[in-house]
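Enquirer:
Residue numbers (my numbering): 102 to 1078.
Rendered as structure tokens:
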């Protein structure tokens, strides 16, 4: 893992940023640019013998105590590069008396050698002596005694290691946040605890919680609303808190170190007899903070250890006991998921969990060994703790990747089976994970897959060696500074600045309604309300959420689409699925026996949205219901008459339509005649209800394969549900079928239908009806007539539907009250109108389809008439006239007229200093045609202030108000002609 992009590092007399040290340590492609002033301050050519000399001779005039090489350890390449760079920078900062050759050699070694052999001793002095000896040995250059003292002074190794640790810990902190979010996602853990931590915390803890919440922001994974494992949540919270504390300790440590890399006055130069260790040199600002940082990473490691021990049984319990056999050669096109990449991470097995357990057991042993041998070298302790924490995070990372992969495998298998069953050639599979988690998952998967030579052998490997190779490779890639190379990628994933780059969006299946579309919506609602009220109905409203028990069990298989809410008080609530069940609950709770009502309100369904077809998760329904005892079929025919009147009112936009009609008793009786057991009638009805979306072959497969009908029964059903057409013709067909007419339920249903059609002839709506035996309506509460309106052209689904439900109200009271009703699919109607308007923008502007219904804009000439402008506006508002004031008081009149045209405001009232003196105003009518000059004035007149209101009312009477004109333009069928 290398950063291949060249990095230009400027080294000046004022020092460097601490972020340069880990960058140089982990990047093999650095170019160093040295301030020319440094060369001037440095010594010229080294004096003395420039030939090769023995190391002991080079510093023989300076007393060097003996040291034991066994008391040192070899630095890895990252540590070595950091040491060379910090040594070079600190000498450059205090370059007087320093040989430029030594600085140049230090930087060249960094740039030209990827493997540098350096050793670190417990005492920094001997580490620097070892480095100086290496310089002399490699170059043959002579070093004077004074230079020897200068080059081996200071605690440079400590500074380089601490600074490198800071960079690594910064990356580890971000990596840990991503891994925590991945764990939460893979196990569908509730995220409420993150909100709680954010609300009660501050500083690094709150920021860490916000970052993890952001990582999960757009996740669509279904999570349990109830907490199942408090121990796990507590441990996750502890890890999160220690990550927050670690962030603050890193920042404090960085502040301490900065002083030593930007100035040299803080460093006390050692002389003979004075040691160079952290304990001998006066560096109290660093030592206490280093101890805090070590404690912080130690606490994080301990809680990560606890976390993985809590998680192992959970992962173990959810292991699929059988191998998930995924075939990618089924011939079905897959969208939404890269199954080949998913398969590159091996499936979770008992053996892989066993390997994780072995790793943790081994780490416990290593922990004891480290604690027993701990010495004064605290920077090495910091390295060890960081490495061990990273090891646990890598194990958690791979475990979570496996878990998500297992879920995707199951999704794939189920989707393929359903697609094969229904004869589909393509299927879309959503991973449901958040966008940020998907990016992190891909980042780590690519690291593993792109760099493991044995990937092909791992795919089908159930032995622990598969997961072992992945865990070990990931750890090896990220350990010893490698994780710093991921810092930029992790920062992009985790930083909430991405919110700025990506516009905020509404939840899936919902929409914002801008003013112009809201105007169309209001006209549609007013049209429907007008027709409803002409039938003597009253309007009511009910809560958008109900007790969950009120809704459950009323919608058959569609009950799974109900949105559930969790109230803080423990009340089980759900968003209303329709307006009918809440009406039944209202009538029962109010003790009513008769009600003719309409309601316009939003309902909510967890359906798969199809925005282009007008299918949303939040949408309006316009319902009308008649409840109570009336003469047979009279309320049913009135409902059908209202439905046809409403759809006829919108026919200039939606085109022609038909209302499919059937009888629930007829359909139930038909299924019994065909041989369907009574227990399966509802579920078979649900299958038949899919015929408007799927072919008969697909529905038949579902009936036979999933629901257990025989081929013979399914074929018999298929023959009967093909009956559809003109009411009289289908009635005749059914009556001629002796097998059907032998069923008593069918006989009664046909009698009802015959009476209904005689009434529809009387009210003149039969021409829009189609008697269709395939109409099922999946809701459980229907008991009699059912109907559904569809357009004869286009593919937008039903635009109105309803039926009779005589038993629904009785579910909430001791008395059944007959009821019948229907609902208009206004979203689909409005979608059609909006699309037609969008295809004809000239008509859209000329006919004044707008969201703003202002009739008059009050404009002023000059910037001293704001008070006068407000008085004029108040006069108009008091008299019920729609008006607004121009937004700027000092804009030119032309700009104000253009503003009126852009807002589709037809008239302007203009006042200037001259008009104020004369106690008059100017009234101008502005052209609203976007294809002409926006400032073009059609008429203009001066009116006295005393007669302003009467003149304004005359103008509105003559030209119409903006709202009336907008309503008329939407209602005018010729605007699309």
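Even glycine gets a Cβ: it sits at the ideal position worked out from N, Cα and C.
Model, not experiment: these values are computed from the prediction.
Could you tell me if residue 678 is buried or exposed, where buried requires 16 or more neighbouring beta carbons within 10 angstroms of its beta carbon?
Expert: When all chains shown are included, residue 678 counts as buried.
Enquirer: Give the DSSP-derived three-state secondary structure of residue 121 in the structure shown.
Expert: Of the three classes helix, strand and coil, the one that applies to residue 121 here is helix, per DSSP.
Enquirer: Who does residue 109 pair with in a DSSP beta bridge?
Expert: Looking at the DSSP assignment, residue 109 forms a beta bridge with 132.
Enquirer: In its own chain, which residues sit with a C-beta less than 8 angstroms from the C-beta of residue 554, not counting the 5 before and 5 after it?
Expert: With a pLDDT of only 48 at residue 554, under 50, the local geometry of the prediction cannot be trusted, and no value is derived from it.
Enquirer: For the 8 angstroms Cβ check, are there 3 or more pairs between the stretch 212 to 232 and the stretch 263 to 270?
Expert: With a cut-off of 8 angstroms, the stretch 263 to 270 and the stretch 212 to 232 do not count as touching, because too few Cβ pairs lie within range.
Enquirer: Which two residues bound the contiguous alpha helix (DSSP H) that contains residue 922?
Expert: No alpha helix (DSSP H) contains residue 922, which is instead part of the beta strand (DSSP E) from 920 to 925.
Enquirer: Under three-state DSSP, which class holds residue 969?
Expert: In this structure, residue 969 counts as helix in the three-state DSSP scheme.
Enquirer: Run through the DSSP bridge pairs and tell me what residue 993 is partnered with.
Expert: Partner(s): none; residue 993 has no beta bridge.
Enquirer: Just to confirm my understanding: we take residue 943, look at its own chain, exclude 5 residues before and 5 after, and list those with CB closer than 6 angstroms. What are they?
Expert: Since pLDDT at residue 943 reaches only 49, below the 50 mark, its modelled position is unreliable, and the value read off the structure follows with that caveat. Same-chain partners within the cutoff: there are none.
Enquirer: Could you have a look at residue 1065 and say whether DSSP puts it in helix, strand or coil?
Expert: Residue 1065: helix per DSSP, three-state reduction.
Enquirer: Candidates 852, 572 and 880: which alpha carbon is nearest residue 663's?
Expert: Nearest of 852, 572 and 880 to residue 663, Cα basis: 880.
Enquirer: So residue 961 packs on residue 1013, CB below 8 angstroms; how close in whole Å?
Expert: The Cβ separation is near 7 angstroms, so the contact holds.
Enquirer: Just the C-alpha distance for residue 647 and residue 682, rounded to the nearest angstrom, thanks.
Expert: Their backbone Cα atoms lie some 10 angstroms apart in a straight line.
Enquirer: Can you give me the Cβ contacts of residue 576 inside the same chain, cut-off strictly under 6 angstroms, excluding the 5 residues immediately before and after it?
Expert: Excluding residues within five positions, the ones whose Cβ falls inside 6 angstroms are 492 and 495.
Enquirer: Quick one: which unbroken beta strand (DSSP E) runs of 3-plus residues sit fully inside the stretch 813 to 869? Chain order, please.
Expert: Those beta strand (DSSP E) runs which fall completely within the stretch 813 to 869 and span 3+ residues do not exist here.
Enquirer: In the DSSP assignment, the alpha helix (DSSP H) including residue 281 goes from what residue to what residue?
Expert: Segment 257 to 287, the alpha helix (DSSP H) holding residue 281.
Enquirer: What three-state label does DSSP hand residue 761 in the structure shown?
Expert: It is a strand residue.
Enquirer: State whether the stretch 710 to 721 contacts the stretch 611 to 628, with contact taken as three or more CB pairs (one from each stretch) at a distance under 8 angstroms.
Expert: Yes: at least three Cβ pairs fall under 8 angstroms.
Enquirer: Cβ of residue 339 within 9 angstroms of Cβ of residue 410?
Expert: The answer is no: Cβ separation not under 9 angstroms.
Enquirer: Compare the Cα-Cα distances from residue 1042 to each of 1009, 835, 1059 and 592 and report the closest residue.
Expert: Selected option, being the one with the closest Cα: 1009.
Enquirer: Helix, strand or coil, according to DSSP, for residue 790 in the structure here?
Expert: Helix at residue 790.
Enquirer: Reducing DSSP to helix, strand and coil, say where residue 1015 ends up.
Expert: Helix, per DSSP.
Enquirer: When you compare each of 924, 832, 889 and 994 to residue 958 by their alpha carbons, which one comes out closest?
Expert: Of the listed residues, the one whose Cα sits closest to residue 958 is 994.
Enquirer: Suppose you measure from the CA of residue 850 to the CA of residue 735; what does that come to, to the nearest Å?
Expert: Distance between the alpha carbons of residue 850 and residue 735: 15 angstroms.
Enquirer: Using DSSP's beta-bridge definition, name the partner residues of residue 887.
Expert: Paired residues: 763 and 904.
Enquirer: Give the single residue among 970, 398 and 548 whose Cα lies nearest to the Cα of residue 445.
Expert: Among 970, 398 and 548, the Cα nearest to that of residue 445 is on 548.
Enquirer: Could you spell out the range, first to last residue, of the alpha helix (DSSP H) harbouring residue 882?
Expert: Run containing residue 882: none; DSSP gives neither H nor E here.
Enquirer: Are the beta-carbon atoms of residue 306 and residue 261 separated by less than 9 angstroms?
Expert: No; because the gap between Cβ atoms is not below 9 angstroms, this pair is not in contact.
Enquirer: Give me the residue from 801, 718, 821 and 822 with the minimum Cα distance to residue 812.
Expert: The shortest C-alpha separation from residue 812 is found at 801.
Enquirer: Give every residue of the same chain whose Cβ lies closer than 7 angstroms to the Cβ of residue 442, excluding the five residues on either side of it in the sequence, and list them in chain order.
Expert: These residues qualify, in order along the chain: 546.
Enquirer: Should residue 519 go down as buried or exposed, given a rule of 16 or more other Cβ atoms within 10 Å for buried?
Expert: Exposed is the call here.
Enquirer: Using the Cα positions of residue 135 and residue 583, report the straight-line distance between them to the nearest angstrom.
Expert: Distance between the alpha carbons of residue 135 and residue 583: 27 angstroms.
Enquirer: Determine the burial state of residue 448: buried for a count of at least 16 other Cβ atoms within 10 Å of its Cβ, exposed for fewer.
Expert: Burial call: buried.
Enquirer: So what's residue 711 in DSSP terms, helix, strand or just coil?
Expert: The answer is strand: DSSP assigns residue 711 an E or B state.
Enquirer: Excluding the five sequence neighbours on either side, which residues of its own chain have a C-beta within less than 8 angstroms of the C-beta of residue 756, listed in chain order?
Expert: Around residue 756: 892, 893, 894 and 895.
Enquirer: Name the one or two DSSP bridge partners that residue 1055 has.
Expert: In the DSSP output, where bridge partners are listed per residue, residue 1055 has none listed.
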